[in-house]
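Just below is one structure, and these are the notes that go with it.
Numbering (this note's numbering), first residue to last: 3 to 249.
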């Protein structure tokens with residue numbers, strides 16, 4: 003799935019409902035179109051209420067600056083079952099050496115800003131200033147969280163996402179040093195496994211995520227996970243208490 007496929011033309015817009023600015027209702031995810039895969043709705047805003055309702059339903063925003071807000075729910079869905087996490091031999095060596103110090107929620111704004119930075123071979127970014135502001139608000143509300151990898155006291159890599167109930171919705175990650183984001187990801191997955199999270203939403207599959215153990219499941223199955231787990235009590239404190247040297 004790529005926003006480059008979405009030509010801002012009447013043909014696409016005629017297929018997709020525009021969201022009312024006066025309520026946070028979404029169309030059912032089953033109505034998302036197949037090409038581009040998962041496009042469900044256009045417009046609305048990035049208010050805290052609307053974003054939380056979107057994630058509760060298995061929907062997320064993804065658009066580029068200059069476009070209206072685009073809302074997606076692709077089928078199949080990329081997820082990681084924590085016990086299926088793959089740790090390569092080289093990554094295990096990095097973890098054993100404890101090259102990086104890992105923290106939770108120590109530098110959310112720095113992490114999301116780094117995730118929005120330019121990437122090799124990419125044109126622009128989908129993490130717009132509007133998105134950054136919206137997710138910072140979610141972080142202050144205790145809904146969005148970050149994981150940081152530090153090297154020599156400097157932020158080397160990390161990731162951020164949304165936690166509702168016992169589901170974590172991964173959004174983006176970055177690395178300024180080799181394996182830094184992977185180390186952050188391993189610590190996140192192991193901590194979520196300890197908290198009995200059944201899956202981590204990875205949204206759309208790619209080779210990097212597949213190498214870490216993600217799989218694809220039907221959207222209907224993903225929604226069953228949401229129905230069962232998204233309203234459960236969340237962890238009392240978003241604190242890291244899993245350590246690789248004990249495992």
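Glycine included, every Cβ here is placed at the ideal spot set by N, Cα and C. These numbers were taken from a predicted model, which means no experiment stands behind them.
In the DSSP assignment, what are the bridge partners of residue i?
i, result
"residue 233", "In DSSP, residue 233 forms no bridge with anything."
"residue 199", "In DSSP, residue 199 forms no bridge with anything."
"residue 82", "202"
"residue 147", "163"
"residue 278", "Because the chain is modelled from 3 through 249, residue 278 falls outside the range shown and cannot be assessed."
By a C-beta neighbour count over all protein chains shown, 10 Å radius and 16 as the cutoff for buried, is residue i buried or exposed?
i, result
"residue 234", "exposed"
"residue 150", "buried"
"residue 92", "exposed"
"residue 208", "exposed"
"residue 174", "buried"
"residue 27", "exposed"
"residue 226", "exposed"
"residue 77", "buried"
"residue 67", "exposed"
"residue 232", "buried"
CB-CB under 7 Å to residue i, same chain, minus the five flanking residues each way: which ones, in chain order?
i, result
"residue 216", "80, 81, 82, 204 and 207"
"residue 241", "106"
"residue 244", "189, 192, 193 and 196"
Could you name the residues of the same chain whose beta carbon sits closer than 8 Å to that of residue i, not counting the 5 residues immediately before and after it, in chain order?
i, result
"residue 228", "58, 59, 60 and 169"
"residue 29", "19, 42 and 43"
"residue 161", "113, 117, 148, 149, 172, 173, 174, 175, 176, 183, 186, 187 and 190"
Under 6 Å Cβ to Cβ from residue i, same chain only, skipping five residues before and after it: list those, please.
i, result
"residue 291", "The shown model of the chain, from 3 to 249, leaves out residue 291, and the question about it has no answer."
Just checking my contact of residue i with residue j at CB under 8 Å: how many whole Å lie between their CB atoms?
i, j, result
"residue 143", "residue 50", "6 Å"
Worksheet entry | Sufficient close CB pairs (3 or more, under 8 Å) joining the region 196-205 to the region 155-172 | Contact holds: three or more Cβ-Cβ distances are below 8 Å.
Fill in: Cβ contact (3+ pairs, closer than 8 Å) linking the region 56-70 and the region 125-134
Under the 8 Å Cβ criterion, the region 56-70 counts as touching the region 125-134, having at least three qualifying pairs.
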